[in-house]
Structure formats: C-alpha cells, structure tokens
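Working notes for the structure below.
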Amino acid sequence: MHNSADAPDSAERPTLYDPPELNRATWHLAGRRLLAKMLGEFAHEEIIQPTPAPTAGPATPTSPAPSTPPAPPT
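Positions 3 to 76 (my numbering) are the ones given, in order, by the sequence shown.
Structure below.
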C-alpha cells in the first residue's frame, strides 16, 4: 500500500530525458510512416481496398481546361 508521505512532491520529480533529435518534425514523420505501414498491412489483409487518387495536375497544352462550364443542351 502506498503512503502519501512516501510520494515525492512535484518539485522533487526527476526531469524527463528530452533528446534534441525527438522534435515535432521527427514525430510527425514517424507518425506518417506508421500510418503508411498500417494501411499497407490492412490492404494486404484485405481489410481495406485502396483506390488510386484522382490526378489534379495542371492542364496540358493539348487539352486546356475550360474557362467556363459548357452550356446545357436545349
């Protein structure tokens, strides 16, 4: 059984080790990689079925994007 007298005060708690290489960008990258691995495993186990993302690149010179929508047929 724990006694409240045995518990250290918050001022006496040791500081956590905070290495400089574990910054926000590193954690973000690790999270993205973990998510990619998880989705790959789910696809392998056929829990999910991936579909290609639609391409939204710039218009090519051979097929320019229309500036206005076409008029409806009458």
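By construction, the Cβ of each residue, glycine as well, lies at the ideal position given by its N, Cα and C atoms.
All figures in this text were calculated on a predicted structure; none of them were measured in a lab.
- Taking the CA atoms as reference points, Ala58 sits about 25 Å from Leu31.
- Counting along the chain, the unbroken alpha helix (DSSP H) around Arg34 starts and ends at 26-46.
- Distance between Leu37 and Pro52, taken at the CA atoms: about 14 Å.
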